[in-house]
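When we follow our numbering, the leftmost residue of the sequence shown carries the number -4, and every step to the right adds one.
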Amino acid sequence: MKNTASILGLYAVTPCHAGSGASVGVVDLPIQRERHTNWPVIQASGMKGALRAHFDRFKNSITARPDEEAFKKITELIFGSDSRDNDHAGSLTVGDVKILAFPMRSNVAPFVWITCPAVLKRLNQDLALTGRKTIDLANLQELTTDKALWANGLCKEGDRILLEDMEVTATEPCSLGEGTPFFQEAERLLVVHDEVFGYGVSHCTSVMAQIKIDQKTGTTSNGSLRYQEELPADTLMYTILFWGDSRDDKESLKADAIRGYIQDEVVSGHIQIGGDETLGRGIFSLTWF
């Protein structure tokens, strides 16, 4: 399994609404969250659907008919067939999109990113799963709710840092070692206590009001006001993809060929995930590790 896995890093260029349906709470349309941690997540089904939609857009740019038909067949081999006459599962396994670092408003800069030992421990598990070296977390065990460690950026020991309405004190810099490449987009990164991180991702997301305008009257339609939660721009996330040989008995495509085809030719640059695509939501820049 280790030789057939890749890690895909995602950086939110715009806010993202990967919704979990309607809610009876203050927020009418919340984002997807893990049940046990309440951390934001994008479920694997949404990520896989976004990848397939990305493939379809790529296909639309092909002008030669034979090439288009060949690409359609490759899409079915990778993601599975949607035809009853040729039913087979896809060769690509997509994991949930997990959070790495969360942006929070601060007094030392327009904003800083925060992560925590629990996030890094989870990243370690995924690094081990893909055959990579893990991060040394020994120096993170003494963190308290009022302390923080600088992983990226410049800060003096003893500086007091506001994170929204919470205050932490910078104690000393720390190194993330093998995990550093995954946080290269986070120019000002703080490692905070798990509780501080949980507060940030639970209470500091964006909430947008949306209404529907009646085209005849030019005013708001009755009952159309709703509040939608969004994952803020600049959030860092990642997912694991497992490559396998195609399952179609008639045609064969090897895992290495599929991996190279996706990483080098199709899925690069940016991808759109979640709802409100026409409002520019859910655009992520991509980095293959």
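Backbone N, C-alpha and C fix where the C-beta goes; we use that ideal spot for every residue, glycine too.
(message) Tell me the residue span of the beta strand (DSSP E) that contains arginine 221.
(response) 221 to 225
(message) Classify isoleucine 235: buried if its beta carbon has 16 or more other beta carbons within 10 angstroms, exposed otherwise.
(response) buried
(message) Using a Cβ-Cβ cutoff of less than 7 Å, which residues in the same chain neighbour glycine 148 once the five nearest sequence positions on both sides are dropped?
(response) Glu182, Arg183, Leu184
(message) What would DSSP say about glutamate 162, mapped onto helix, strand or coil?
(response) Residue state, collapsed to three classes: strand.
(request) Measure how close the beta-carbons of methionine 99 and glycine 195 come, nearest whole angstrom, since I'm counting them as under 8 Å. (result) 5 Å
(request) Compute the beta-carbon to beta-carbon distance between phenylalanine 66 and leucine 87, rounded to the nearest angstrom, for a pair I have assumed lies under 8 Å. (result) Not confirmed; about 15 Å, so no contact.
(message) Closer than 7 Å to a non-hydrogen atom of the ligand FMN - does that hold for the CB of threonine 234?
(response) In the structure shown, the ligand FMN is absent, as is every other ligand, since no ligand is present at all.
(request) Identify which residue in Val36, Gly239, Ile206, Asp209 has its Cα closest to the Cα of alanine 13. (result) Val36
(request) Count the other CB atoms, across all protein chains shown, that sit within 10 Å of the CB of lysine 43; report buried if there are 16 or more and exposed otherwise. (result) Counting C-beta atoms within 10 angstroms of its own C-beta, lysine 43 has 16 or more neighbours from the protein chains shown and is therefore classed as buried.
(message) Just verifying my parser: in three-state terms, what is the DSSP assignment at leucine 274?
(response) helix
(message) If the criterion is Cβ atoms closer than 8 Å, does the pair aspartate 23 and arginine 254 meet it?
(response) no
(message) Contact between the stretch 259 to 273 and the stretch 119 to 135 is defined here as three or more beta-carbon pairs at a separation below 8 Å; is this criterion met?
(response) no
(request) Keeping to the same chain, check which residues put their C-beta closer than 6 Å to that of alanine 104; ignore five residues upstream and five downstream. (result) Here the set comprises Arg183.
(message) Does leucine 118 come out as helix, strand or coil in the three-state DSSP assignment?
(response) helix
(message) Quick check for students: name the residue ranges of the beta strand (DSSP E) that lie wholly in the stretch 195 to 265, counting only runs of 3 or more.
(response) 201 to 205, 221 to 225, 231 to 238
(request) Compare the Cα-Cα distances from leucine 118 to each of Met232, Thr282, Asp209, Arg242 and report the closest residue. (result) Met232
(request) Taking valine 22 as part of the beta strand (DSSP E), name the residues at either end of that continuous run. (result) It is not in any beta strand (DSSP E) - valine 22 carries neither H nor E in the DSSP assignment.
(message) Between which two residues does the beta strand (DSSP E) holding glycine 10 run?
(response) What sits at residue 10 in the sequence shown is proline, not glycine. Taken as a continuous stretch (DSSP letters only), proline 10 belongs to no beta strand (DSSP E), as it is neither H nor E.
(message) I need the boundaries of the beta strand (DSSP E) containing asparagine 147, first residue and last residue.
(response) Where asparagine 147 is concerned, the enclosing beta strand (DSSP E) starts and stops at 142 to 147.
(message) Mapping the DSSP letters down to three states, classify threonine 88 as helix, strand or coil.
(response) strand
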